[in-house]
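K.L.:
Each residue of the sequence shown is one higher than the last, beginning at 828 in our numbering. Virtual Cβ for every residue (Gly too), placed ideally from N, Cα, C.
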Amino acid sequence: YEPTEKAIYSLGGKLRLAIGSKVALINGERKLLPSAAEIKNGVIYVPMQFVGWATKGSASYDPGSKTVIITTERN
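1. Does LEU844 pass the burial test, meaning 16 or more other C-beta atoms within 10 Å, or should it be called exposed?
2. DSSP puts THR898 in a beta bridge; with which residues?
3. If you draw a straight line from the alpha carbon of SER887 to that of ILE896, how long is it in whole angstroms?
4. Taking the DSSP output, what are the residues bridged to ALA834?
5. Quick check on the DSSP output: the beta strand (DSSP E) that includes ALA851 runs from which residue to which?
6. For a test of the three-state rule: what should DSSP assign to VAL870, helix, strand or coil?
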């Protein structure tokens with residue numbers, strides 16, 4: 828997290844998401860998220876879809892078990 832830019836960076840800058848924005852940059856490609864990243868009580872919250880993209884996978888939610896499932900490719 829870069830507080831002066833209010834943005835989250837990872838993987839050498841290949842991933843970027845600004846607080847309050849629904850647009851993430853993934854390897855230079857703009858991707859639309861269902862909701863924006865935000866800060867509440869000093870904690871940063873990001874959409875799980877962003878986490879899925881960051882791990883080169885996908886994210887889904889199982890309402891029955893109230894569980895987030897991150898699926899990634901294995902090398």
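P.N.:
So, to answer that:
1. LEU844 comes out buried.
2. Note: THR898 sits in a beta bridge opposite SER885.
3. 5 Å
4. Under DSSP, the beta-bridge partners assigned to ALA834 are GLU829 and ALA845.
5. 850-853
6. strand
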